[in-house]
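Engineer: Can you read through this structure? Questions will come right after.
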Amino acid sequence: MWRSIRSIIAVLLALIFAAPGHAETGYDLWLRYAPLAPSQAQRYAPHFRYLVADTTRPTLAAAVQELDRGLGRMLGSPPAHAGAVQGNGGIVLATADSPLLSGLDLPLAPLGREGFLIRSVAMPGGRVILVAGNSDAGVLYGTFRLLRLLQLQQPIDALAVADAPKLQLRVLDHWDNLDRYVERGYAGQSLWDWQKLPGYTDPRYTDYARANASIGINATVLNNVNANADILTAPYLQKVKALAGVFRPYGIRVYLTARFSAPIEIGGLKTADPLDPAVRAWWKAKADEIYAVIPDFGGFLVKANSEGQPGPSDYKRSHADGANMLADALAPHGGVVMWRAFVYSEHNDADRHKQASEEFVPLDGKFRDNVLLQVKNGAIDFQPREPFHPLFGAMPKTPLMLEVQITKEYLGFATHLAYLGTMWEEVLESDTFRPRAGSTVAKVLETPVAPRALTGMAGVANIGTDINWSGSQFDQANWYAYGRLAWDPDARAVDIARDWARLTWSADSAIADPIVAMMMESREAVVNYMTPLGLGHLMATGHHYGPAPWVSDLARPEWNPAYYHRADANGIGFDRTPTGTNALGQYAPEVAKRWGDLKTVPDRLLLWFHHVPWDYRMRSGGTLWDRLVAQYDAGITTVEDMQRRWSTLDGKIDARRWAEVRDFLAIQRQEAQWWRDASIAYWQSVSHRPLPAGHLPPPHPLGYYQAIRTPHAPGNGK
């Protein structure tokens, strides 16, 4: 009787959620748990009759709640809860020390603290699906993986899955201010409602933690790298404690950005000199205070001596001096310092590409063991395409963690479809040749510099209070891809895209395949219509919205787009070879040789490293000028292709999300044209060259594009 009722419920739910008109918002992200077709549900249901787990342990209780939610939606009803194995068809959640695993020879030890096994096993009392790990967090990760297998409609009759993260710290950095404005955020206000905390914790905080745990993210930095010292005061620490309490069952530890000058601003000291005994004592006392409130506090993220932020250089001290002071304060509690290597100064007239390496390479081996240097994927600033940062491989005695930007500050904000998995894969698979060939950025990240040394990766969040979390449906894919790559930097972007499309839109390949095709070509389209052939930082200044390659009058040279393209009547591009700034000299000789030679440098990095004539003959044929114009038009063509693909899905997915994507693609098409026309108008004004045959001229003179103002772009006035 009960089975027949459950089948009827499953059929009804499947019909409701499969209906094209169902008003989904995107709130459920990749955890939609859409009801399975009746035939598929009937195949899975016998494996999930009951569930055994110790729900007195908060993390295992969270895993049970997720199974109840997921299986309830997909199969029509959740499993029964049992205290012991009760025959075939159960799920058992257990850690290595559980009596439930007595007598089972399971290879858990090699999986570390957060790894897991999912196995079909025979236990006393019946054959079950076992999810096991060395910690409760490992079991939770395994639970999410099991649910993913069902969502993707994979076979589960003979499960034998073993997995573990390749990086220890998998961090989401929120550039959220205490007034709830999110710097470089395009999805509404900050999630953290400081006014209501600690008295009220929004249920959305739990859904945030669930989403992060489902992709293996285990740390979150709550506040902006341009920090406000107030976050370290007692009232705010009580608010942070409340958030930490919500996140803890999901294996997520809380970190804070520490303002280097906090001893002055909230401590009453006259200096923040890291070698001053009073300053060191203040930070030690502050760390003790924080851990008394939040015993599992993760540590500090620090932006110092960059873009006007205070730091140790203010006192003629090194970055190692500053980082080590904080590391010493945190060390007794097991805390970590993530010290950002994004530094450049108005007092340094060296090529901005070189400044971080010049400051940090001499400090290799001088940082405490609980310090990681957080290094951006490229040496400039999260551009649509950059070569990998020269620090990777250049500091063999210092743990480096990769920092990527999930929020699309330079890639069209929330409205342009740009799947960043391909960008990050490009960086991760880059060969540093340090210490030898095959030393990819991924391998540099994954290989501890010493036994038990820290490893990690950080992503600048794109999350806000918008109902779909990220400002657009497709921007969710970048949050998802970041988590998957932080867990396994060797994962393939196309596999991640395929999983996300099936989880988020439909497991039907007729729907998922066109979506994956759109995603895989999207980032290259953005590069083509914004910064083709190795150009970079051509965006309008301040908010970085729209093209402005003509800007050259700002106070600091490196704030000007003209600083980066160096276009004149003779040619275009930044000479970073030995005849120019020799930024190439910071890479391994094998890399420098390839990128420094016009015969071997990839076209995609040509103008990043070389200043070449407009009539330079490309290896593919034609002149640089002809190829540049063609790249702009190719970007527009790709966006039009994405629009056509999306139009074929009308009526096949829910109407609300389909219409939103349709409208955003229309915005992207319009703004790609703006980028193309404004850029070409400017390059023509400099090069004085006619357009190649078959390419239309911009419809307006250059002055028209220079006069465009965007007062509503996020970031204006901030």
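Numbering (the working numbering), first residue to last: 9 to 726.
The C-beta atom is built at its ideal place from N, Cα and C for all residues, glycine as well.
Terminal residues of the continuous beta strand (DSSP E) containing residue 214?
Structural biologist: Segment 211–222 is the alpha helix (DSSP H) holding residue 214; no beta strand (DSSP E) there.
Engineer: For residue 434, which of 572, 499 and 338 has the nearest alpha-carbon?
Structural biologist: 499
Engineer: Which whole-angstrom value is the C-beta distance of residue 81 and residue 43, which I expect to be below 8 Å?
Structural biologist: 6 Å
Engineer: Considering only residues of the same chain and omitting the five flanking positions on each side of residue 313, which have a CB-CB separation below 6 Å?
Structural biologist: 319, 321 and 351
Engineer: State the DSSP-derived secondary structure class of residue 203, mapped to helix, strand or coil.
Structural biologist: coil
Engineer: Exposed or buried, what is residue 1 when buried is set at 16 or more other beta-carbons lying within 10 Å of its beta-carbon?
Structural biologist: The requested residue 1 does not occur in the structure, where the chain is confined to residues 9 to 726.
Engineer: Bridge partners of residue 409, per DSSP?
Structural biologist: 382
Engineer: Where are the alpha helix (DSSP H) runs, 4 residues long or more, that stay fully inside the segment 233–318, in chain order?
Structural biologist: 242–255, 270–273 and 285–301
Engineer: Might you give, ordered along the chain, the residues of its own chain that have their beta carbon closer than 8 Å to the beta carbon of residue 443, omitting 5 neighbours on each side?
Structural biologist: 401 and 404
Engineer: Cα separation between residue 193 and residue 311?
Structural biologist: In this structure, the straight-line span from the alpha carbon of residue 193 to that of residue 311 is close to 18 Å.
Engineer: Looking at the structure shown, is residue 727 part of a helix, part of a strand, or coil, going by DSSP?
Structural biologist: In this structure the chain extends from 9 to 726, so residue 727 is not present and cannot be described.
Engineer: Please confirm whether residue 399 and residue 375 have their CB atoms less than 8 Å apart.
Structural biologist: no
Engineer: Mind reading off the beta-carbon distance from residue 413 to residue 544? Whole number of angstroms is fine, and I expect it under 8 Å.
Structural biologist: 14 Å between Cβ atoms; not a contact.
Engineer: Between the Cα of residue 232 and the Cα atoms of 527, 598 and 180, which residue gives the shortest distance?
Structural biologist: Ranking 527, 598 and 180 by Cα distance to residue 232 puts 180 first.
Engineer: Straight-line CA distance for residue 504 to residue 429?
Structural biologist: 8 Å
Engineer: For residue 228, list the residues DSSP reports as bridge partners.
Structural biologist: Note: residue 228 sits in a beta bridge opposite 180 and 262.
Engineer: Indicate whether residue 619 and residue 606 have their beta-carbon atoms separated by less than 8 Å.
Structural biologist: no
Engineer: What residue from 38, 315, 32 and 33 has the CA that sits closest to residue 515's CA?
Structural biologist: Looking at the Cα atoms, 38 is the closest of the given residues.
Engineer: DSSP three-state call for residue 347: helix, strand or coil?
Structural biologist: strand
Engineer: Kindly indicate the opening and closing residues of the beta strand (DSSP E) around residue 770.
Structural biologist: Outside the displayed span of the chain (9 to 726) sits residue 770, for which this structure offers no information.
Engineer: Quickly, what does DSSP pair residue 475 with across the bridge? List them, please.
Structural biologist: Looking at the DSSP assignment, residue 475 forms no beta bridge with any residue, so it has no partner.
Engineer: Any chance you could list the alpha helix (DSSP H) runs of at least 4 consecutive residues sitting entirely within the segment 606–673, in chain order?
Structural biologist: Runs found: 614–617 and 632–655.
Engineer: Verify whether the separation of the beta carbon atoms of residue 237 and residue 206 is less than 8 Å.
Structural biologist: no
Engineer: Between which two residues does the beta strand (DSSP E) holding residue 136 run?
Structural biologist: Note, residue 136: beta strand (DSSP E), 134–141.
Engineer: Per the DSSP calculation, residue 448 is bridged to which residue(s)?
Structural biologist: 439
Engineer: In the structure shown, what three-state DSSP assignment does residue 428 receive?
Structural biologist: The answer is coil: DSSP assigns residue 428 none of H, G, I, E or B.
Engineer: Between the Cα of residue 120 and the Cα atoms of 149, 173, 130 and 150, which residue gives the shortest distance?
Structural biologist: With distances taken between CA atoms, residue 120 lies nearest to 173 out of 149, 173, 130 and 150.
Engineer: Report the start-end ranges of each alpha helix (DSSP H) in the segment 494–534 that is 4 residues or longer and not cut off at the edges.
Structural biologist: 501–512
Engineer: Quick check: what's the CA-CA separation for residue 386 versus residue 582?
Structural biologist: Computed Cα separation, rounded: 15 Å.
Engineer: In terms of residues, what are the limits of the beta strand (DSSP E) holding residue 89?
Structural biologist: 88–90
Engineer: Is the segment 701–720 touching the segment 571–588 in the sense that three or more CB pairs, one from each, lie closer than 8 Å?
Structural biologist: no
Engineer: Measure the Cβ-Cβ separation of residue 139 and residue 101 and say whether it is below 8 Å.
Structural biologist: yes
Engineer: Nearest CA to the CA of residue 168: which residue from 117, 125 and 331?
Structural biologist: 125
Engineer: Tell me, please, whether the segment 52–63 touches the segment 84–93 by the rule of three or more beta-carbon pairs shorter than 8 Å.
Structural biologist: Enough Cβ pairs lie closer than 8 Å, so yes.
Engineer: Compute the distance between the beta-carbons of residue 380 and residue 333, then report whether it is under 8 Å.
Structural biologist: no
Engineer: Would you list the one or two residues that DSSP bridges to residue 368?
Structural biologist: Partner(s): none; residue 368 has no beta bridge.
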